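Chemist:
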Amino acid sequence: MKEIDPVGLVQAIHDIALGKSILSPDATAGMMRMMRSGPHREGTPLSTLSPQEQRVLALVTAGKSNKEIADALNLSENTVKNYLANVFDKLKVQRRSQAAALYVQATAAGD
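Quick note on our numbering: the sequence shown kicks off at 29 and runs consecutively.
1. What is the residue span of the alpha helix (DSSP H) that L119 lies within?
2. Under 7 Å between the Cβ atoms of L74 and A127?
3. When you compare only the Cα positions, how much space is there between S104 and R124?
4. Can you tell which of D33, K48 and H42 has its C-alpha closest to the C-alpha of K92?
5. Within 7 Å (strictly less), CB to CB, does A113 reach chain C?
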């Protein structure tokens with residue numbers, strides 16, 4: 029986003045504050061493809077995650093809030109929080125951004 033104009037940057041900040049995603053349509057489409065196929069390969073850091081945990085993590089990586097994830101997967105927000113706690117524990121991370129980075133690395137390695 030180095031080439032974003034100041035007006036676009038301000039709009040992105042407002043969108044984030046409202047809980048909206050600022051990913052481009054191409055990035056979102058790529059995340060959805062990854063979410064559907066899932067990084068199930070042996071030996072990846074994500075191989076210990078259940079398919080549902082991987083779906084939750086894919087949506088975290090796409091910039092979705094817990095509420096948006098709950099709505100997308102027809103779960104309660106508390107269930108999403110529980111899944112994320114399990115994901116963080118299994119991946120030995122403490123933040124959403126750390127888990128998302130591992131997801132991106134693992135899925136990029138499979139390309």
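Every residue gets a Cβ at the ideal spot worked out from N, C-alpha and C, and that includes glycine.
The model shown is predicted, which means the values in this text are computed figures rather than measured ones.
Modeler: This is what the structure gives:
1. As a working mapping, residue 119 is identified with position 91 in the sequence shown. Run containing L119: E105 to L119, per the alpha helix (DSSP H) assignment.
2. Taking the first residue of the sequence shown as 1, we reach residue 74 at position 46. Taking the first residue of the sequence shown as 1, we reach residue 127 at position 99. No, these two residues do not count as a Cβ contact at 7 Å.
3. If you number the sequence shown from 1, residue 104 lands on position 76. If you number the sequence shown from 1, residue 124 lands on position 96. C-alpha separation (whole angstroms): 18 Å.
4. Here residue 92 corresponds to residue number 64 of the sequence shown, with the count starting at 1. Out of D33, K48 and H42, K48 has the C-alpha closest to the C-alpha of K92.
5. Going by chain labels, chain C is absent from the structure shown, which holds only one protein chain.
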